[in-house]
Amino acid sequence: MGFWSSSNSSDTSSDVISSRGLNNSRRYCSNAVLEFDEVFDRTRHYGRYQLFVLLVIQYAMINAAGNYVFVSFASLKPTCMDPNVEVSFDRIMDTCAKISMCTPNNTISVFESLYEEPDFVCPNSHLPQHMQTMQAVGSGIGAILGGHLADLYGRKWVTYSGAVMMCLFGAAGGFSLTWEMLIFAMFGMGFSYGMLVDASMTLASETVGPKYRIVQTLAFQWSLAIQISALIAYLTAKWRLYLLVINAIGAPILILMLFWIESPRWLIQKRRYAEAARELNTMNKWNRMDIHFTADDLTSIQVQSSDSTQVFSIWHLVSTKKLILYTIVMFTSALTVEMCVGVIIFDVQVLAGNPFLNIALYGILRLWVPLFIVFMEAKNDWFGRRVLFISSQSITAICYALVLALSIYPESNTTMWVTRSFLAMIGGMVNSSIFFTVYKQYSIELYPTLMRAMAVGTFGVVERIGGALAPQLVNMNQLYWPGTAMSVTTVVIAISLVTGFLILPETKNAAMPDVYKKKTSDGVVC
Numbered sequence: 001m002g003f004w005s006s007s008n009s010s011d012t013s014s015d016v017i018s019s020r021g022l023n024n025s026r027r028y029c030s031n032a033v034l035e036f037d038e039v040f041d042r043t044r045h046y047g048r049y050q051l052f053v054l055l056v057i058q059y060a061m062i063n064a065a066g067n068y069v070f071v072s073f074a075s076l077k078p079t080c081m082d083p084n085v086e087v088s089f090d091r092i093m094d095t096c097a098k099i100s101m102c103t104p105n106n107t108i109s110v111f112e113s114l115y116e117e118p119d120f121v122c123p124n125s126h127l128p129q130h131m132q133t134m135q136a137v138g139s140g141i142g143a144i145l146g147g148h149l150a151d152l153y154g155r156k157w158v159t160y161s162g163a164v165m166m167c168l169f170g171a172a173g174g175f176s177l178t179w180e181m182l183i184f185a186m187f188g189m190g191f192s193y194g195m196l197v198d199a200s201m202t203l204a205s206e207t208v209g210p211k212y213r214i215v216q217t218l219a220f221q222w223s224l225a226i227q228i229s230a231l232i233a234y235l236t237a238k239w240r241l242y243l244l245v246i247n248a249i250g251a252p253i254l255i256l257m258l259f260w261i262e263s264p265r266w267l268i269q270k271r272r273y274a275e276a277a278r279e280l281n282t283m284n285k286w287n288r289m290d291i292h293f294t295a296d297d298l299t300s301i302q303v304q305s306s307d308s309t310q311v312f313s314i315w316h317l318v319s320t321k322k323l324i325l326y327t328i329v330m331f332t333s334a335l336t337v338e339m340c341v342g343v344i345i346f347d348v349q350v351l352a353g354n355p356f357l358n359i360a361l362y363g364i365l366r367l368w369v370p371l372f373i374v375f376m377e378a379k380n381d382w383f384g385r386r387v388l389f390i391s392s393q394s395i396t397a398i399c400y401a402l403v404l405a406l407s408i409y410p411e412s413n414t415t416m417w418v419t420r421s422f423l424a425m426i427g428g429m430v431n432s433s434i435f436f437t438v439y440k441q442y443s444i445e446l447y448p449t450l451m452r453a454m455a456v457g458t459f460g461v462v463e464r465i466g467g468a469l470a471p472q473l474v475n476m477n478q479l480y481w482p483g484t485a486m487s488v489t490t491v492v493i494a495i496s497l498v499t500g501f502l503i504l505p506e507t508k509n510a511a512m513p514d515v516y517k518k519k520t521s522d523g524v525v526c
């Protein structure tokens, strides 16, 4: 039995068993519950409300993904059609130096980038990568702060605050007069994204039955969002217009999120039973269920034995031996999520073909992921979180290792270069879609309610550390060896794979822990 199991030990007395059966019968008739997941057994594990939440999250991901890949388009390098400078143009590594060599009427670009706006980022060619790093830093701060706030004050309004700020900072970026203003706006985009995603992912998982938790996590996939972002970039063709359009599209989210409910699970742990009952009844109305819960129905659910105002910190993630091991796996896994994508996306022009099509293709390759995961989980008992974790990370490791091996071939070898691009996309796609889903699911399912959002936020910080490292690793490709970024990423993936294989349990269909329990030195669980 796990540390957080709320089930009582079996009783051998027939009198006690009979009494328990009678009490359970009465409890069921009065809608009283002992474990929160029983709520979904009485109503629905998945209904209209859960579908509404999923669709709103998918809509919000357009804005989130659009802001994230902004630098991928805004740092595209132009080409020069002047035959007098074309040869030397191709040999020069510094983008700003290239642009200064070519007259405007001979400069060809598919997207008006930051480099082409006079006196904006040039002569500092690496500013776009530093902006992306600042966005990742902001995202990490937003994730950990949002996680703490969501555990203290609730999931819903932290999510909503993140959505509001994401639209405002994104639009502010489009109106930036200097690169300093843009870098501040990008920090804000990242900060708000961190708050939005980590709080909303916790909320979505806590308002759905155990059988469909992974479905709600799949709502955070960027498959469609990436394609829409690439299309908007192609149609707008200017970095300022792109930012304004992608963030204007996100404005309706601010209305739709008002119809969400606060997490009843969190409210119960805070002993706010009347509010929890009200939110459950609102969800039941959405799902067309006649059952009505009262505050008294929820008071039998086990809550934290200490005061409901207790604040959990990062240190609680390593407060027991089991949590230490889980946290090691989650840390290394989180590091790979944005790093794997970043070393490809932020160096998108090293991939063969049109940059817009490359980004769109990256999204298209991920379309099958949600259907695949849902189908396999529903049809196969053996296919759970652990199998998904190990298999997806193994595929990514193999693909990235092959990309490194193919790097020995020159760019003039078109076949090998296209193969390398394909393998890089497959590896990045598997990690950022399949592996991302199961890693996030583990971070939600391994930690108890009053530290769940904080745990998700903490590992969100680690994700952003990987995202911040990615553009710097791409810069190291130019300074040292072209395979530097891919080599470092592959090593981190391997560490995540090995530790996950050795440590992680299976959590498919298991009840999420509500209460934090720790064994004392004398063996007492408190």
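Sequential numbering from 1 applies to the sequence shown in full-length UniProt numbering. Cβ coordinates follow ideal geometry from the N, Cα and C atoms, glycine included.
Query - Assigned secondary structure, I108 (DSSP; H/G/I helix, E/B strand, else coil) - result: strand
Query - For T207, three-class secondary structure by DSSP - result: coil
Report task. Determine, using beta-carbon pairs with one atom in the segment 456 to 469 and one in the segment 127 to 137, whether at least three such pairs fall under 8 angstroms. Result -> yes
Query raised in the report: Is it right to say R452 is buried, meaning 16 or more other beta carbons lie within 10 angstroms of its own, or is it exposed?
Result: buried
Report task. Determine the closest residue to M376 out of L367, L497 and V387, with distance taken between C-alpha atoms. Result -> V387
Query raised in the report: What is the residue span of the alpha helix (DSSP H) that R278 lies within?
Result: Y273 to W286
Report task. Kindly indicate the opening and closing residues of the alpha helix (DSSP H) around W266. Result -> P264 to Q269
Query raised in the report: Which of the three DSSP states, helix, strand or coil, is assigned to K238?
Result: strand
Query raised in the report: Hey, how far is the Cα of D514 from the Cα of P264?
Result: 12 angstroms
Requested in this report: Output the residue ranges of the alpha helix (DSSP H) runs that lie fully inside the segment 91 to 176 and measure 4 residues or longer, sorted by chain position.
Outcome: 95 to 101, 127 to 153 and 156 to 174
Report task. Identify whether V350 lies in helix, strand or coil by the three-state DSSP scheme. Result -> Bear in mind that a pLDDT of 46 at V350, under 50, signals an unreliable position, so the number given afterwards is only what the model happens to contain. Helix at V350.
**Report entry** Candidates W368, L371, L177 and S487: closest to L406 by CA position
**Finding:** S487
Requested in this report: Run the CB neighbour count on A334, radius 10 Å, all protein chains shown included, and call it buried at 16 or more, exposed below.
Outcome: buried
Requested in this report: Give, in chain order, every unbroken run of the alpha helix (DSSP H) that is at least 4 residues long and sits entirely within the segment 443 to 483.
Outcome: 449 to 479
Query raised in the report: Is the segment 188 to 198 close to the segment 228 to 235, with three or more CB pairs under 8 angstroms?
Result: no
Query raised in the report: Would you report the Cα separation of D297 and E279, rounded to the nearest angstrom?
Result: 13 angstroms
Requested in this report: Take every Cβ of the segment 211 to 225, pair it with every Cβ of the segment 170 to 179, and state whether three or more of those distances are shorter than 8 angstroms.
Outcome: no
Query - Nearest-angstrom Cα separation, counted from A295 out to T437 - result: 34 angstroms
Query raised in the report: Would you say W368 faces chain C, with C-beta separation under 9 angstroms as the test?
Result: The structure shown contains no chain C; it holds only a single protein chain.
Query raised in the report: Residue range of the alpha helix (DSSP H) that P252 falls in?
Result: Element bounds for P252: n/a, residue is neither H nor E.
Report task. Grab the span of the alpha helix (DSSP H) containing R42 for me, first residue to last. Result -> E38 to R42
Query - P252 classed as buried or exposed, judged by whether at least 16 other C-beta atoms fall within 10 angstroms - result: exposed
Query raised in the report: Just to confirm, are V215 and L54 a CB contact at a threshold of 9 angstroms?
Result: yes
Query raised in the report: What three-state label does DSSP hand T332 in the structure shown?
Result: helix
Report task. Assign T79 to one of three DSSP states: helix, strand, or coil. Result -> strand
**Report entry** Exposed unless 16 or more other CB atoms sit within 10 angstroms - verdict on P78
**Finding:** buried
Report task. Can you grab the Cα-Cα spacing for the pair T320 / D151, in whole Å? Result -> 20 angstroms
Query raised in the report: Of the choices G47, H148 and G190, whose alpha-carbon is the least far from that of T458?
Result: H148
Query raised in the report: Hey, would you say I249 sits closer than 9 angstroms to G384, going by beta carbons?
Result: no
**Report entry** Own chain residues within Cβ distance below 6 angstroms of Y212, not counting five before or after
**Finding:** H45 and Y46
Query raised in the report: What is the rounded straight-line gap between the Cα of N109 and the Cα of S205?
Result: Looking at the sequence itself, residue 109 is Ser, so the reference to Asn does not match. If you take the alpha carbons of S109 and S205, they lie about 44 angstroms apart.
**Report entry** With 16 other Cβ atoms within 10 Å as the buried cut-off, status of P118
**Finding:** exposed
Requested in this report: Please confirm whether C122 and N247 have their CB atoms less than 9 angstroms apart.
Outcome: no
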